[in-house]
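Written out below as structure tokens is the structure these notes cover.
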Amino acid sequence: MIRYLIKNYLKMMGRSPVNVLLFIVFPIVLIAVLSSAFSSLMESYERKESFSVGYIMEDDSIFGDYMEEIKKIARENDVTFKAYDEGDPDKLMKDEELESFVIFGKDDYVIYKRTGSPTEGMITEYILTAFMRNMETYREGMMRGMEVPQVELDVSYPDHMPEVDSIDYYGKIEIIYFVWCGLICFAGIIMAEKRYKISQRLLMSGLSVTKIYLAKLISSTIIVSACTLIAALATIAMFGVKWGAPLKSALVIFLMIVAALCMELMIYYICDNMVITIVISFAAVWIAGFFSGSFETYLFSSHPESTKVLFPIYHGNRAIVELASGGRSDYFMSSVIYSLSMIVGCSILALIAGKIRRRGRA
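For the sequence shown, the positions run 3 to 364 when the numbering used here is used.
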């Protein structure tokens with residue numbers, strides 16, 4: 003009996019144009035809009051292989067004696083310092099294609115950072131700051147006549163997430179966001195069942211609350227999964243989105259689909275009102291998406307990490323993006339565990355609520 007119920011649900015959901023729009027068309031449209039709108043922001047995350055820094059050295063500057071050493075250290079890190087006699091730093095950065103500019107005063111310096119190149123500005127600042135710490139020791143040794151070793155700057159680059167452009171970011175994030183709106187695929191069916199009291203007839207036919215719940219969950223999971231797969235393939239064909247570690251990525255998304263549907267079914271089984279269910283579900287998903295990088299990228303968001311990790315969408319977003327950019331993610335297991343916990347917990351609560359409501363109607 004449950005097989006026929008699943009089959010009928012699949013037929014009804016498969017005929018609905020809303021599912022095609024919500025899980026295929028809307029994500030693609032939103033990917034195109036957001037990736038275009040935030041392309042310049044995401045490009046600023048990329049570090050150029052090499053770049054140039056302009057500088058002006060005042061005549062009585064103490065840095066004049068160390069400039070060759072600074073240039074040598076900078077060259078080792080693919081940074082070139084170019085000397086200028088005078089000029090406006092902002093104009094020189096624009097005309098000479100410099101990523102930052104430094105004015106060395108008598109005993110201090112001022113760094114000008116180019117808009118759109120924050121990474122290069124921070125590298126320039128780090129090189130000079132680190133050199134200054136070593137230079138103090140060097141100067142004191144010279145003044146005392148001590149033999150001081152040559153100043154060396156140890157610059158290292160710890161492991162970090164590879165660059166992610168706007169297409170690759172939003173091409174995954176928006177698909178994940180719409181996955182959490184899976185309630186829509188069966189909302190019309192549930193409302194029709196309630197209007198014509200089909201649920202009561204199903205229960206009278208011998209189907210248990212558990213079997214009816216599973217029929218709804220399995221059929222909606224199949225529909226949302228199929229639409230999501232089509233949308234993901236479309237992003238590859240249309241935008242060239244790169245999906246890394248396909249099996250792991252597919253597992254993360256599939257479990258999120260099931261978790262989202264379980265959560266929304268639980269809300270419905272508890273409140274027994276589809277309008278209220280939609281309002282609560284969409285409010286929860288929007289809030290979770292806001293903190294999880296569905297709109298403002300989690301790469302640059304100012305929300306504290308302790309807040310982000312409360313939401314399952316954040317774990318899924320991090321896992322999918324990092325699997326594509328670096329081949330691995332520390333958030334893969336946390337996403338899987340979070341989704342499985344939701345699936346089990348929400349299903350238990352939904353079934354308990356459904357059985358209590360059934361007894362109340364008996």
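Glycine included, every Cβ here is placed at the ideal spot set by N, Cα and C.
Reference residue i, options the options, closest by Cα
i: Val31; options: Thr237, Lys74, Ala76; result: Thr237
i: Ile282; options: Gly291, Phe53, Arg116, Tyr270; result: Tyr270
i: Glu127; options: Thr117, Asn136, Tyr111; result: Tyr111
i: Asp109; options: Ser168, Glu60, Arg360, Met124; result: Glu60
i: Ile192; options: Val277, Ile354, Ser38, Pro306; result: Val277
i: Ala261; options: Ser38, Leu235, Ile350, Ile289; result: Ile350
i: Ser18; options: Leu353, Leu235, Ala352, Ile225; result: Ile225
i: Leu353; options: Gly329, Leu216, Phe334; result: Leu216
i: Ser222; options: Ala189, Gln202, Lys174, Lys196; result: Ala189
i: Tyr239; options: Ser102, Asp170, Glu78; result: Checking the displayed sequence, the identity of residue 239 turns out to be Ala instead of Tyr. Here the closest residue by C-alpha is Asp170.
i: Val81; options: Glu88, Glu101, Val287; result: Glu101
i: Arg360; options: Ile289, Ser201, Arg330; result: Ser201
i: Ala290; options: Tyr11, Ile178, Glu88, Thr131; result: Ile178
i: Gly329; options: Thr131, Gly16, Lys244, Thr279; result: Lys244
i: Thr299; options: Gly16, Ala39, Glu78; result: Ala39
i: Met15; options: Met335, Glu78, Ala194; result: Ala194
i: Glu307; options: Leu204, Tyr333, Asn10; result: Tyr333
i: Cys348; options: Ser227, Asn275, Met335, Thr212; result: Thr212
i: Ser331; options: Gly89, Gly246, Leu235, Arg203; result: Gly246
i: Asn275; options: Met335, Ser227, Lys196; result: Lys196
Residue i vs residue j beta-carbon contact at 9 Å
i: Phe83; j: Ser41; result: no
i: Leu24; j: Cys187; result: yes
i: Cys264; j: Val22; result: no
i: Ser343; j: Val166; result: no
i: Ile58; j: Pro91; result: yes
i: Val254; j: Ser168; result: no
i: Phe106; j: Ser52; result: no
i: Phe292; j: Leu36; result: no
i: Tyr68; j: Phe133; result: yes
i: Leu325; j: Ile4; result: no
i: Phe241; j: Gly173; result: yes
i: Ile113; j: Ala76; result: no
Neighbour-count burial assignment, residue i, 16 or more Cβ in a 10 Å radius
i: Val346; result: exposed
i: Glu122; result: buried
i: Tyr6; result: exposed
i: Gly356; result: buried
i: Thr309; result: exposed
i: Lys13; result: exposed
i: Lys199; result: exposed
i: Arg116; result: buried
i: Ala321; result: buried
i: Ile358; result: exposed
i: Leu155; result: Summary for Leu155: the model assigns pLDDT 47, below 50, so the residue's position carries little reliability; its value from the coordinates is reported in the next sentence. Under this definition Leu155 is a buried residue.
i: Val323; result: buried
i: Glu176; result: buried
i: Ile214; result: buried
i: Ser341; result: buried
i: Pro160; result: A caution first: Pro160 carries a pLDDT of 49, below 50, which makes its placement in the model too unreliable to give a value.
i: Ser119; result: buried
i: Ser207; result: exposed
i: Thr279; result: buried
i: Val20; result: exposed
i: Asn10; result: exposed
i: Val150; result: With a pLDDT of 45 at Val150, under the threshold of 50, the predicted position of this residue should be treated as unreliable, though the coordinate-derived value follows. Answer is exposed; the Cβ neighbour count stays below 16.
Whole-number beta carbon distance between residue j and residue i, since they are thought to touch under 8 Å
i: Asn319; j: Ser294; result: 5 Å
i: Lys218; j: Leu257; result: Rounded, the Cβ-Cβ distance is 18 Å, inconsistent with contact.
i: Ile259; j: Ile8; result: No, Ile259 and Ile8 are not in contact; Cβ-Cβ is about 16 Å, not under 8 Å.
i: Ile26; j: Ile232; result: 5 Å
i: Gly56; j: Tyr86; result: 5 Å
Check: Using 8 Å as the threshold, is the segment 282-293 in touch with the segment 241-258, meaning 3 or more CB pairs across them?
Finding: no
Notebook entry, point to check: Just checking, does the segment 89-100 make contact with the segment 67-81 on the three C-beta pairs under 8 Å criterion?
Noted result: Here the segment 89-100 makes no contact with the segment 67-81; the two share fewer than three CB pairs at distances below 8 Å.
Note to self: Using 8 Å as the cut-off, can you tell me whether the segment 309-329 makes contact with the segment 172-188, which would need three or more C-beta pairs spanning the two stretches below that distance?
What the structure shows: yes
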